[in-house]
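Chemist: First the structure, then my questions, so here it is.
Protein chains: 2
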Amino acid sequence: MSDWQLNYRGFDPAQQGLRETLCTLGNGYFATRGALPECAADQVHYPATYIAGTYNRLTSHIAGRSIENEDLVNVPNWLSLTFRHPDRSPFDPQHTEVIHHQFDLDIRRAVLSRQTRYRDEQGRMLRVTQRRFVSLRDPHHAALETTLVAENWSGPLTLQSAIDGTVLNAGVQRYRDLANDHLEMVSAHQATPDTICLLVQTSQSRIAVAEAVRTRLYGTGTDMPEERAYVEHDRFVAHRLDVEMRQGAEVTIEKIATIFTSRDAGISEPSIDASNWAAVAPGFDTLLDRHLVSWRHAWNRSEIAIGDGENKTGRVLNLHIFHLLQTVSKNTVETDAGVPARGLHGEAYRGHIFWDELFILPFLNLRVPELTRALLRYRYRRLDQARYAASLAGLSGAMYPWQSGSSGREETQRYHLNPDSGRWLPDASHLQRHINSAIAYNIWHYYQATADSEFLRFWGGEIILEIARFWASISTYNRTIDRYEILAVMGPDEYHDAYPGADTPGVDNNAYTNLMAAWVLARALDTLEALPHRRAEELKEKLGVSAEELNRWDHVRRRIKVPFHDQGIISQFDGYEDLDEFDWLSYTERYGDISRLDRILEAEGDSTNRYKVAKQADVVMLFYLLSPNDLDELMMTLGYEWGADLMERNIDYYEERTAHGSTLSRVVHAWIHSRTDCERAWEHFKDALVADVADVQGGTTREGIHLGAMAGTVDLVQRCFAGIDTRADMLFIDPRLPAEVSHLSFDIQFRGCQIHLDYLDDEVSLRMDEGLSPVSVNVSGVAQELAPGCSLRFGL
Amino acid sequence: MSDWQLNYRGFDPAQQGLRETLCTLGNGYFATRGALPECAADQVHYPATYIAGTYNRLTSHIAGRSIENEDLVNVPNWLSLTFRHPDRSPFDPQHTEVIHHQFDLDIRRAVLSRQTRYRDEQGRMLRVTQRRFVSLRDPHHAALETTLVAENWSGPLTLQSAIDGTVLNAGVQRYRDLANDHLEMVSAHQATPDTICLLVQTSQSRIAVAEAVRTRLYGTGTDMPEERAYVEHDRFVAHRLDVEMRQGAEVTIEKIATIFTSRDAGISEPSIDASNWAAVAPGFDTLLDRHLVSWRHAWNRSEIAIGDGENKTGRVLNLHIFHLLQTVSKNTVETDAGVPARGLHGEAYRGHIFWDELFILPFLNLRVPELTRALLRYRYRRLDQARYAASLAGLSGAMYPWQSGSSGREETQRYHLNPDSGRWLPDASHLQRHINSAIAYNIWHYYQATADSEFLRFWGGEIILEIARFWASISTYNRTIDRYEILAVMGPDEYHDAYPGADTPGVDNNAYTNLMAAWVLARALDTLEALPHRRAEELKEKLGVSAEELNRWDHVRRRIKVPFHDQGIISQFDGYEDLDEFDWLSYTERYGDISRLDRILEAEGDSTNRYKVAKQADVVMLFYLLSPNDLDELMMTLGYEWGADLMERNIDYYEERTAHGSTLSRVVHAWIHSRTDCERAWEHFKDALVADVADVQGGTTREGIHLGAMAGTVDLVQRCFAGIDTRADMLFIDPRLPAEVSHLSFDIQFRGCQIHLDYLDDEVSLRMDEGLSPVSVNVSGVAQELAPGCSLRFGL
């Protein structure tokens, strides 16, 4: 693979936010955000870090109502490091002229380097070079190395190495009026002569967070200070040192940081562990070496090489993998963390968990299945909360929330702001009950990829059964049409949250919701077959699932309603055909980018509810998640006419009516086109690829990368272009390489075997590098055995 | 199986402690201790509960020195319930005459019932009937149902239903002078009109613990109070209600409790979750039904039926299994909990983790392997701490501590009290480095039983390699004898902590330690073979294991020293043969029970170090852990003469010199005799079986059951009498049923298959009730396939 070093030169505050979004340095445990607030001073101090899965309760007063949500918590900023002449302003962009600024992100090594040159009013120039990383190997450790050179002067300089707990959730402009300060001081202390420690606590969730920092100085030709001052304020602790700079001589400041929280296993107390481990930590170079070994191993498993004549494609694709590995890593397995929609990168969506796993787990299933298992167990731990939500709604089984946080309760906002109109609007998106099918789908596909029957027995089966039960109970029988219906929900397309002019939210019989419910009910019955008989009986007894209830599941999955119109177009929901067609042309002319049509229309006093428009894939999600065979079977079981020609007509119909207002939408459309129209698939793929790199939504990237969309591009390459599918104890390979792609290669792990895949010109070759037993491989319909140490070749 | 109801009648305070030790009601998450302090009032209030794996730092001043250890934390007592006439003393054993007291423990249902009748000075009689359980199904929930009947009077009665956080660690007499109060008040509140909540925090480890209690009253023919008073003191919260009792009418008080701590996953904040869930919890009967279903499923997997003509054998054996299931259950998988030596039952050893898993995991491996995996991951989470301990000692790899708590650091006491002499004595038992081999052994045997290569790849392999590395680095080469030596350690026999009169602790070349080190080194090399090649290379790179280092491992395992004397007796350690023989006869005559010979001799100014005596199995542990084949191979590799005849001679030699001062000792001796002398094996087994039930150590049971010894008796039945072993992808069955046992049957799970075993008269039958594929079975040397749904029969 070509150079993975991403370089940025110059210093353009307007572009800074975007550039820094590429710079997340974390590992699913202890992440350093890249998105910078506008305040220039922060550009040297660096913003705060935050903890995966750590939330605080946020009570806001919006539109005169009190709204309570969970909010992400930033942890104290361990990167804080300032330098100034005695009695003068610090060298930072706010107070001093910046004559050069460059930073480099090495995604292969996960190290961020920066170089800045300052010139003060007296013309004195200071060069600041930094390297930093959050260790993948030692998840409680991070390190910052800063080298200073006084280029054209000598004299005293005061350094302050701090842990700053006065961090705010200020990363998202439109949230700034909400409560954004979540930390309370507990204590601070100097643990050793060169180690300081700050212990804070989140104000509502009472999670203790301790950080310790060991600061050491190294220099050539410079007197190193022997004394340092210990500084302590509310939520702030620092060491202050006076250095005598000599022209041209380097002074290196090594900051080794540790972080522990009260949720960590295997500790005594967070501040004790943070102090102890910081005091005895190895130096920067040793920690870095260890970090690099772990990243090398992670890349061994995860790298995708793609050749399409452009360096950029592979680089961005692997940048997406990089962000994925930053958010979820081996270290995630030890935490109770889900996959937030914006990764660990930005504050948008407050760190809430949506359905993004649906796009992320396919990659992990074939790389690090232990991680999928851990992420599915995150859902299992919230099963009781989902059961409670169902019972409150008068339903059975488990009803997982559309947005959730640490407690697993519904965290979807009840009001949202339209920045275009300035109005706060009721938000019904918690009615996206389809997230339950996504969770069941993830479990079933993990099981297909790994044959991990222990997981199904112990955790996964129970979730699938409870979700099936929820679908059966929310379905109501309509005697008139002799069909079951699911009323008053929202589909994935968030442009339709009610019928035009209706007082109550939701639409009826969203086709995606209903068909996926039927799919889940079928898989629940499969699950009972797949489980050992005794375990199946135990589960039924534990959950109180009777034979009559199983009959109802079977009946619902055979008789749920799917609305149609125009001879074979699946209606997105009941009554969709009665909506008006939208005047795409005139709106595009008037507004240019109309991907957030909901905001535009609401500002005009109109509503997307009135039109045949979609923010993102809804009906077509079915073609993304289900194979043509699966869908044929579902439709046949339901007694509906269906065929491949109809699928194409549906795709065309909905694509004409989609605004792609979500970054995920293009991923889905690329996928569905790959079956029939490789050119269009490739175009959508390229669009999806640059969503964050080019910040196509105009500012949302600095609020956090779109992890689902990033992972979706990787999934596209794996599942769609490379054509990999796992089912029926077999590895299916049915490639659909776009003409632009001349070469593609990567490794997968399938049921304990490690397989290397290579697509070159018109040939696919597979090599099982390791494995205990042969696996069945089906390439473009031809089945064969692949044995350990052996290779197979197929023409495309 | 016969009646599992254990009944105790009468009220004998002297016997009360012992009886209550049978009454642990917990599930590995939220346990109710049985051991009662002497204070009679507590006999109705019940003592506190405590949390698995939650420790607090305890600083004590012993013999003029400050000693810091981790101490178990009791959580607030949710059982607190008192009743009194207005303005009179409460009805409790301290203030009122007890005319009847009985309690029943139903181990099949894990429900404790009690009935007490009081008569006050006026002759008024009150009957109190209670049922209680800590739910296995809903691990945050517990319930207490109390029914009161005023037998011969009517009138007002004041009830107080409390959560009492003023609990002390007072369960062990000899610890009472140490710090024993570990909770600090945070807050209390009334969450709903019938729900109260107390939030406390452990004083050093800062773990927040919230309990909530919902109290409801039900009665027939009695006016139920509509009002209740809310009472709040420091660390105490209660609801107080006035009831009008009518003669003969029942008043039932239902207390539903919840507990959450800051270490729990999937919560918002402990007191919020405790309050919310208590307020909406189902009633006693529904919670109980759910609890019973879970216990029924647990027993399906775990019950052992044994017929030896005595009801007691099976009942006590299953009581041991009951305690095991109370301490570690499916719920343990979600906690960071190890297996404490006294289970969750008593405060002795402060809840520390020793090597007891060695005796406990064999049972779990073949029942709930997910649980073994979780318990081994508890060790993995403390691998960095073990590495640090090794590096502090100037060694490589990982050195796990003999006793440990939440942080994984060494917690072995440095001084211990001899109650016979009243002297505090230096304690060198942290030198029991052999615990490292036990951990490696557990991992290897879990892998053998389950073929779980994912675990080996992800967690287990790394621990085995780091322990091997530790053994290689602690071994020193002695040029004179051309052998490696391990100096200054302690073996499992704690009677020898130094050479007679020596200033420094430890003995050299403890045979058990050295041979197990050789075994671990061999398994480490096997591990590198068993791992996928790439993973093996990655691990070596991660840990920095070089080819030279591997050579050294191989060299040490071939050349480590094993001391011998008397033509084939393995010396317990270098110089053992020079120790004096002990005058067993005269000491037995003088002292009766001499199982704690160390205390007796020390009180006389003598020391066990001078004699050929053992507290418990040391050399003979080798015969317990290693098969004759394994040991032959180890000895051959080392170039020592060895054979079956020598094993017998060694067993006889050491049995004559063992005091059985540990409850584990008889388990080991029963096992080793089973190979050659079934009668003696059966005697030892029966002795081991009653260790806690009869409190053979005279008082230690009330300080907590001996979980390792309990599990050891179960392991004996499974591994020794039933002769089950798993290795080389095969299920070996080589029964050695004592003549007394006419029938034995139980289920096991082997590599995902569920197999029922039945030993009746001279026949063994195996039936695979479930399984995906056949397994290889080797019964008494004859290999066969056992397919799903099929049976096999063998003569014994």
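Protein chains in written order, with numbering that gives the first Met the number 0: chain A, 0 to 795; chain B, 0 to 795.
C-beta: ideal position from N, C-alpha, C; glycine also.
Which chain A residues sit within Cβ distance under 7 Å of H532 of chain B?
Modeler: The residue labelled residue 532 of chain B in the question sits at position 533 within the second sequence. Those are E769, listed as they occur along chain A.
Chemist: Which residues in the same chain have their Cβ closer than 7 Å to the Cβ of A207 of chain A, if we skip the five residues on either side of it in sequence?
Modeler: Taking the first sequence and counting its residues from 1, the one referred to as residue 207 of chain A is at position 208. Excluding positions up to five away in sequence, the list reads V185, L198, Q200, T260, S261 and P269.
Chemist: Under 8 Å, Cβ to Cβ, is there at least one residue of chain A near V292 of chain B?
Modeler: Looking up residue 292 of chain B in the second sequence gives position 293. V292 of chain B counts as touching chain A.
Chemist: How big is the Cα-Cα spacing for A30 of chain B and H139 of chain B?
Modeler: If you number the second sequence from 1, residue 30 of chain B lands on position 31. If you number the second sequence from 1, residue 139 of chain B lands on position 140. Note that A30 of chain B has pLDDT 39, beneath the 50 cutoff, so the model's placement of it is unreliable and no number is given.
Chemist: What in chain A is Cβ-close to D272 of chain B, meaning under 9 Å?
Modeler: In the second sequence, the residue the question calls residue 272 of chain B occupies position 273. Per Cβ cutoff of 9 Å: S406.
Chemist: For a contact meaning CB atoms closer than 7 Å, what does A207 of chain A contact in chain B?
Modeler: Residue numbering aside, residue 207 of chain A sits at position 208 when the first sequence is read from its first letter. Those are R205, listed as they occur along chain B.
Chemist: Is the Cβ-Cβ distance between D419 of chain B and A613 of chain B less than 8 Å?
Modeler: Along the second sequence, read from residue 1 onward, the residue named residue 419 of chain B stands at position 420. Along the second sequence, read from residue 1 onward, the residue named residue 613 of chain B stands at position 614. Result no, Cβ atoms of D419 of chain B and A613 of chain B do not sit closer than 8 Å.
Chemist: Closer than 8 Å, CB to CB, is A277 of chain A near chain B or not?
Modeler: Against the first sequence, residue 277 of chain A aligns to sequence position 278. A277 of chain A has a beta carbon lying at 8 Å or more from every beta carbon in chain B.
Chemist: At the 8 Å Cβ level, is I266 of chain B part of the contact set with chain A, yes or no?
Modeler: On the second sequence, residue 266 of chain B is found 267 positions in, with the first residue counted as 1. With 8 Å as the cut-off, I266 of chain B counts as an interface residue toward chain A.
Chemist: Excluding the five sequence neighbours on either side, which residues of its own chain have a C-beta within less than 6 Å of the C-beta of A439 of chain B, listed in chain order?
Modeler: Position 440 of the second sequence, counted from the start, is the residue given in the question as residue 439 of chain B. Cβ neighbours of A439 of chain B beyond the five flanking positions: I463, I466 and V519.
Chemist: Rank A:K539, A:D644 and A:N608 by C-alpha distance to the C-alpha of I568 of chain A and give the top, closest one.
Modeler: Numbered from its first residue, the first sequence carries residue 568 of chain A at position 569. When only C-alpha atoms are compared, the closest one is A:D644.
Chemist: Rounded to a whole number of angstroms, what is the C-alpha to C-alpha distance between E253 of chain B and Y610 of chain A?
Modeler: Against the second sequence, residue 253 of chain B aligns to sequence position 254. Against the first sequence, residue 610 of chain A aligns to sequence position 611. Cα-Cα distance, rounded: 57 Å.
Chemist: With a threshold of 8 Å, are at least 3 pairs of Cβ atoms found where one atom belongs to the stretch 97 to 113 of chain A and the other to the stretch 291 to 306 of chain A?
Modeler: At 8 Å Cβ cutoff, the stretches touch.
Chemist: Since K254 of chain B is in the beta strand (DSSP E), which residue starts that stretch and which ends it?
Modeler: Locating residue 254 of chain B in the second sequence gives position 255, counting from the first residue. Unbroken beta strand (DSSP E) run through K254 of chain B: E249 to T260.
Chemist: Leaving aside the five residues before and after V776 of chain B along the sequence, list all residues of the same chain whose C-beta is less than 6 Å from its C-beta, in chain order.
Modeler: For the purposes of this step, residue 776 of chain B is taken as residue 777 along the second sequence, with counting starting at 1. Excluding positions up to five away in sequence, the list reads L730, Q783 and L785.
Chemist: The stretch 432 to 464 of chain A: which residues have C-beta closer than 7 Å to a C-beta of chain B, in chain order?
Modeler: S452, E453 and F457
Chemist: Looking only at its chain, what residues have a beta carbon closer than 7 Å to the beta carbon of C38 of chain B, apart from the 5 residues adjacent to it on each side?
Modeler: On the second sequence, residue 38 of chain B is found 39 positions in, with the first residue counted as 1. Residue placement at C38 of chain B is flagged as unreliable, the pLDDT there being 23, under the threshold of 50; the coordinate-derived value follows with that caveat. Nothing listed; no residue qualifies.
Chemist: Let me make sure I understand the geometry here. Which of B:R300, B:F469, B:S452 and B:I593 has the alpha-carbon closest to that of S744 of chain B?
Modeler: As a working note, residue 744 of chain B is residue 745 in the second sequence. Measuring from the Cα of S744 of chain B, the nearest candidate turns out to be B:R300.
Chemist: So, does the CB of E333 of chain B fall closer than 8 Å to a CB anywhere in chain A?
Modeler: Looking up residue 333 of chain B in the second sequence gives position 334. So, interface residue.
Chemist: Against chain B, does G337 of chain A count as a neighbour if the rule is that its beta carbon must be under 8 Å from one of theirs?
Modeler: Locating residue 337 of chain A in the first sequence gives position 338, where the first residue counts as 1. No Cβ of chain B is located within less than 8 Å of the beta carbon of G337 of chain A.
Chemist: What is the residue span of the alpha helix (DSSP H) that W641 of chain A lies within?
Modeler: Residue mapping note: residue 641 of chain A aligns to position 642 of the first sequence, counting from 1. Counting along the chain, W641 of chain A falls outside any alpha helix (DSSP H), and DSSP gives it neither H nor E.
Chemist: Going by DSSP, what residue range makes up the alpha helix (DSSP H) through E796 of chain B?
Modeler: Given a span of 0 to 795 for chain B in the structure shown, any question on residue 796 of chain B remains unanswerable.
Chemist: Mark A727 of chain B as exposed unless 16 or more other C-beta atoms lie within 10 angstroms of its C-beta, in which case mark it buried.
Modeler: Position 728 of the second sequence, counted from the first residue, corresponds to residue 727 of chain B. With fewer than 16 other Cβ atoms within 10 Å, it is exposed.
Chemist: Just how far apart, CA to CA, sit Y49 of chain B and L363 of chain B?
Modeler: Taking the first residue of the second sequence as 1, we reach residue 49 of chain B at position 50. Taking the first residue of the second sequence as 1, we reach residue 363 of chain B at position 364. Note on Y49 of chain B: pLDDT 45, under 50, position unreliable in the model; the coordinate value appears next. If you take the alpha carbons of Y49 of chain B and L363 of chain B, they lie about 23 Å apart.
Chemist: Alpha carbon to alpha carbon, what distance is there between E409 of chain A and L430 of chain B?
Modeler: One-based indexing of the second sequence puts residue 430 of chain B at position 431. One-based indexing of the first sequence puts residue 409 of chain A at position 410. Whole-angstrom Cα-Cα distance: 52 Å.
Chemist: Let me know the beta strand (DSSP E) ranges lying completely inside the stretch 470 to 542 of chain B, each 3 residues or longer, listed in chain order.
Modeler: Runs of the beta strand (DSSP E) inside the stretch 470 to 542 of chain B: 475 to 477 and 482 to 484.
Chemist: For a test of the three-state rule: what should DSSP assign to D573 of chain A, helix, strand or coil?
Modeler: Here the question's residue 573 of chain A lines up with position 574 in the first sequence. When secondary structure is reduced to three states using DSSP, D573 of chain A falls in the coil class, being assigned neither helix nor strand.
Chemist: Report the option in A:M767, A:E739, A:P737 and A:R735 whose CA atom is closest to the CA atom of R750 of chain A.
Modeler: One-based indexing of the first sequence puts residue 750 of chain A at position 751. Nearest C-alpha to R750 of chain A: A:M767.
Chemist: For the beta strand (DSSP E) containing I723 of chain B, list its first residue and its last residue.
Modeler: The residue given as residue 723 of chain B occupies position 724 in the second sequence. Per DSSP, I723 of chain B belongs to the beta strand (DSSP E) from I723 to R726.
Chemist: Report the three-state DSSP secondary structure of M729 of chain A (helix, strand or coil).
Modeler: Indexing the first sequence from 1 puts residue 729 of chain A at position 730. In this structure, M729 of chain A counts as strand in the three-state DSSP scheme.
Chemist: What's the gap between the Cα of S664 of chain B and the Cα of P361 of chain B?
Modeler: The count along the second sequence starts at 1 and reaches residue 664 of chain B at position 665. The count along the second sequence starts at 1 and reaches residue 361 of chain B at position 362. Distance between the alpha carbons of S664 of chain B and P361 of chain B: 17 Å.
Chemist: Where does G170 of chain A land, buried or exposed, given buried means 16+ other C-beta within 10 angstroms?
Modeler: By 1-based counting over the first sequence, the position of residue 170 of chain A is 171. When all chains shown are included, G170 of chain A counts as buried.
Chemist: Put Q114 of chain A into one of helix, strand or coil per three-state DSSP.
Modeler: Looking up residue 114 of chain A in the first sequence gives position 115. Strand, per DSSP.
Chemist: Only counting the same chain, and skipping five residues up and downstream in sequence, which positions put a Cβ closer than 7 Å to that of C789 of chain A?
Modeler: Sequence index remark: in the first sequence, residue 789 of chain A carries index 790 (1-based). These residues qualify, in order along the chain: M767.
Chemist: Quick one: is I559 of chain A buried, meaning 16 or more other Cβ sit within 10 Å of its Cβ, or exposed?
Modeler: The residue given as residue 559 of chain A occupies position 560 in the first sequence. So I559 of chain A counts as buried.
Chemist: Would you mind giving the Cβ-Cβ distance between L673 of chain A and Q615 of chain A, rounded to the nearest angstrom? I have them listed as a contact below 8 Å.
Modeler: If you number the first sequence from 1, residue 673 of chain A lands on position 674. If you number the first sequence from 1, residue 615 of chain A lands on position 616. According to the sequence provided, residue 673 of chain A is Ser. The question's Leu does not apply to it. S673 of chain A to Q615 of chain A, Cβ: 18 Å. No contact.
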